[in-house]
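The structure under discussion appears below in the form of C-alpha cells.
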Amino acid sequence: MTTLASDTTPQVWLGCLECSSNGLLVGGWYAAESADLVTSSALHGQPITAGTHEEMWVGDHEGLPTRGESSPAEVARLARRIAELGEAQRAAFVAWIATGGFVVDRDGLPCVAEFEERFCGTWGSFGEYAEQLADDIGLLDDVPDHVSRYFDWDAWTRDLEFDYTVETAPDGGVFVFRVM
Ligand SMILES: [Zn+2]
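Per my numbering, the sequence shown runs over residues 2 to 181.
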C-alpha cells in the first residue's frame, strides 16, 4: 500500500528572516497546515539558540489562493480551513477564495457554508451547466418543439453567466459559482 500525497495539499516555503537580511536564503517547503509549528532549529537543520532566528517569512506557496503577504500563522489557519473540506471540493474552495469574492466568517476566514451555498459544481463548460439548469427548471417544457428549436441558447447562456463566476478548474473544466 502506498500513500499518495495529494496534489491539492497546500505547501509553503518558509524562510528565516534574520538569515535573509544577512543575504542568506535559509528555508524549505512544509505542509501549510502546520506552518506555524515549524521550529527555527528544523528550518536551519541544526540547533538554534532560543530568541534568535525566530521570525519566518512565507516565500512561496502551492495549493493556496494568493492573499498577499502572509505570516506562517495566517497560512496555517487558512490551510486548516481548506482541509475541512472534502477532497472533491477543496480545489473549488481554493478557486472561490482566489476570485476575491469570498465571504469571511467571524474568524476572518473564508466561510465554508457560504461557499457551499454558491458552488454549483464542476462542469465541462458553463454552457453544460446552463443546459442542465434549463432542464432542471423546465425552461422550455411548455414550449412546442417547432418553437423551441429556434431558442437562442447562446444569448440565454450569455445572459445567465452574468449571475455567475466561472473559474477554470485545475483538472479541466470549470467551477461555477452563483453570485449572490
Ligand atoms: Zn536564520
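Backbone N, C-alpha and C fix where the C-beta goes; we use that ideal spot for every residue, glycine too.
For the set Glu162, Pro111, Thr40, Ala92, the Cα lying nearest the Cα of Asp172 is the one of Ala92. Beta-bridge partners of Phe120 (DSSP): Phe178. Taking a cut-off of 8 Å for Cβ pairs, the stretch 137–151 and the stretch 58–78 do not touch, as fewer than three such pairs fall below it. Under the three-pair Cβ rule at 8 Å, the stretch 120–134 does not count as touching the stretch 102–110. At least one heavy atom of ligand 1 lies closer than 7 Å to the C-beta of Cys17. Considering only Glu117, Ala156, Gln12, Phe152, the residue with the shortest C-alpha distance to Asp61 is Gln12.
For ligand 1, a non-hydrogen atom lies closer than 7 Å to the CB of Cys20. In the DSSP annotation of this structure, Asp136 is not part of any beta strand (DSSP E); the continuous alpha helix (DSSP H) holding it starts and ends at 127–138. Distances taken from the Cβ of Val27 to the heavy atoms of ligand 1 include one shorter than 7 Å. Close CB contacts of Cys112 within its chain, under the 7 Å cut and outside five residues either way in sequence, are with Val104, Val105, Asp106 (chain order).
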